[in-house]
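Residue numbers for the sequence shown follow our numbering, so the first one is -13 and each next one is one higher.
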Amino acid sequence: MGHECCKEHEHKDEDELSINDIVYNNDALVNSLISLLIKKKVITEEEFTKALEEDAEEISEEKKDN
């Protein structure tokens, strides 16, 4: 069913999403939501950045404990 050049490769259905597609779509959604929150002044960019840094520190500490 594939092209001559890549007959040996298995082709997936066009409706099937790859993990990369899902990650990309989720990343785009998260970025859109963050932009909307900042635009609507629900949170400032500085507050968001600070929260990310705090989360990163917390995750880092949890990894050290494990």
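By construction, the Cβ of each residue, glycine as well, lies at the ideal position given by its N, Cα and C atoms.
Secondary structure of Lys56, DSSP reduced to three states: Residue coverage of the chain in this structure runs from -13 to 52, which leaves residue 56 outside it and unanswerable.
How is Ser4 classed by DSSP in three states: helix, strand or coil? If DSSP states are grouped into helix, strand and coil, Ser4 belongs with coil.
Contact check, Phe34 vs Ile45 under 8 Å by CB: the rounded distance? Distance from Phe34 to Ile45 at the Cβ level is roughly 16 Å; contact not present, criterion being Cβ atoms closer than 8 Å.
DSSP-derived helix/strand/coil call for Val9: Helix, per DSSP.
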